[in-house]
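The structure appears below as structure tokens.
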Amino acid sequence: MPRVSVVLATHNQAVWLGEAIDGVRAQTFADWELVVVDDGSTDGTADVVRRYADDSRIRYLAQERAERSRARNRGIAETSGELVAFLDADDRWRPGKLARQVAALDADAAAGLCYTVARFIGPEGEELPLRKPSGRPPSGDVFATLMRANVVILASVVVRRAGLDAVGGFDPAAAMTGCEDWDLWLRLAQRYPAVGIDEELTLYRRHPGNTGSERVLGAALHVVDRWYAEPDTARRVGLSRPAVRARQLWLNAAWAGDRGAALRLSLRALREAPATIFTRPAAATAAALLLPRVALEALRAITPED
1191 MPRVSVVLAT HNQAVWLGEA IDGVRAQTFA DWELVVVDDG STDGTADVVR RYADDSRIRY
1251 LAQERAERSR ARNRGIAETS GELVAFLDAD DRWRPGKLAR QVAALDADAA AGLCYTVARF
1311 IGPEGEELPL RKPSGRPPSG DVFATLMRAN VVILASVVVR RAGLDAVGGF DPAAAMTGCE
1371 DWDLWLRLAQ RYPAVGIDEE LTLYRRHPGN TGSERVLGAA LHVVDRWYAE PDTARRVGLS
1431 RPAVRARQLW LNAAWAGDRG AALRLSLRAL REAPATIFTR PAAATAAALL LPRVALEALR
1491 AITPED
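For the sequence shown, position 277 matches number 1467 in the working numbering, and the numbering has no gaps at all.
Quick look at the structure:
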């Protein structure tokens, strides 16, 4: 039985899939299995995976289109490692990622989740001047931090299978798509400490095919409302539901593609929680509206604690 099971769910991203698989094979920690769950692709995904037929650690599972949560859940069910790592076809790992995370989890038996800082890259793999989280990644009880905003990139995460068994996998509800990973991290963080590694071991690709901002925002607000239905959430987070919803609106406004969208989202945030105008997400939105683009990146790379 391999120590780490890598679950890679993909749909029509053959153009980058080989890079993702090569990044797994280049890991200095070699005790892994990789399952590629092809979620109804119509491109050359199967052909890409066939290039690795001589590596018995790699398996290919094809299914009809069912969306990524169900695809990842199938990958979890079809693997056996004590630890489960997640990867998307358009993202990449640096060679020391798994070794560093396995060691971190071995050193902290209580931790249920380990994640790394992620460097953003462009469509051609060029590094962008953004990383997530932008500050030191929080560790320990991170539930309140995560509830304010998701600082964890999916491809950076390794979790204990026992934790997944305890909290369940990705929620396949359509309303969750876009933030289904955030919801899972919250369920894990509610029960277990997390370990954040302050090394850029994950490369997250930004490109036109990323999930659209409107869909992500809708899912984010759904996650907030779902969690704030729990009576203890507001106390643990230290912020009201309207304040956390407004933070999501400000964050989305800061990254909006045009001024009109940014203004609409800003007004909506102000209606939900006027006091949030004094937070850094609001400042980032103001910068996006008022400053030249070259001056925005530092403000946009904000952390939810600010």
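Backbone N, C-alpha and C fix where the C-beta goes; we use that ideal spot for every residue, glycine too.
Buried versus exposed, by CB contacts within 10 Å (16 or more), E1404: E1404 comes out exposed.
Given that a residue counts as buried once 16 or more other Cβ atoms are within 10 Å of its Cβ, and exposed if not, what is L1457? It is exposed - the Cβ of L1457 has fewer than 16 other Cβ atoms within 10 Å.
For Y1418, name the three-state secondary structure that DSSP assigns. Note: Y1418 maps to helix in three-state DSSP.
CA-CA distance, A1363 and R1416? Pairing A1363 with R1416, the inter-Cα distance amounts to about 12 angstroms.
Counting pairs of beta carbons, one from the region 1289-1296 and one from the region 1214-1229, are three or more of them closer than 8 angstroms? A contact exists between the region 1289-1296 and the region 1214-1229.
Taking the alpha helix (DSSP H) that P1319 belongs to, which residues open and close that run? No alpha helix (DSSP H) contains P1319, which is instead part of the beta strand (DSSP E) from E1317 to K1322.
Would R1215 and D1244 be called neighbours here (beta carbons separated by less than 8 angstroms)? Taking 8 angstroms as the Cβ cut-off, R1215 and D1244 do not qualify as a contacting pair.
Give every residue of the same chain whose Cβ lies closer than 6 angstroms to the Cβ of A1488, excluding the five residues on either side of it in the sequence, and list them in chain order. Note on A1488: pLDDT 45, under 50, position unreliable in the model; no value is reported.
Kindly indicate the opening and closing residues of the beta strand (DSSP E) around G1386. G1386 -> beta strand (DSSP E) spans A1384 to R1395.
Assign M1337 to buried or exposed, taking buried as 16 or more other Cβ atoms, counted over all protein chains shown, within 10 Å of its Cβ. Result: buried.
Run the proximity test for G1312: is its beta-carbon closer than 7 angstroms to any non-hydrogen atom belonging to the ligand GDP? Of the ligands one can find in the structure shown there are none, so the ligand GDP has no counterpart to examine.
Whole angstroms are fine: how far does the CA of T1423 sit from the CA of A1138? Because the chain is modelled from 1191 through 1496, residue 1138 falls outside the range shown and cannot be assessed.
Kindly provide the ranges of any alpha helix (DSSP H) runs that are 4 or more residues long and lie completely inside the region 1242-1301, ordered along the chain. The region 1242-1301 contains these whole alpha helix (DSSP H) runs: 1258-1267 and 1287-1297.
Consult DSSP for V1197 and reduce its assignment to one of helix, strand or coil. Strand at V1197.
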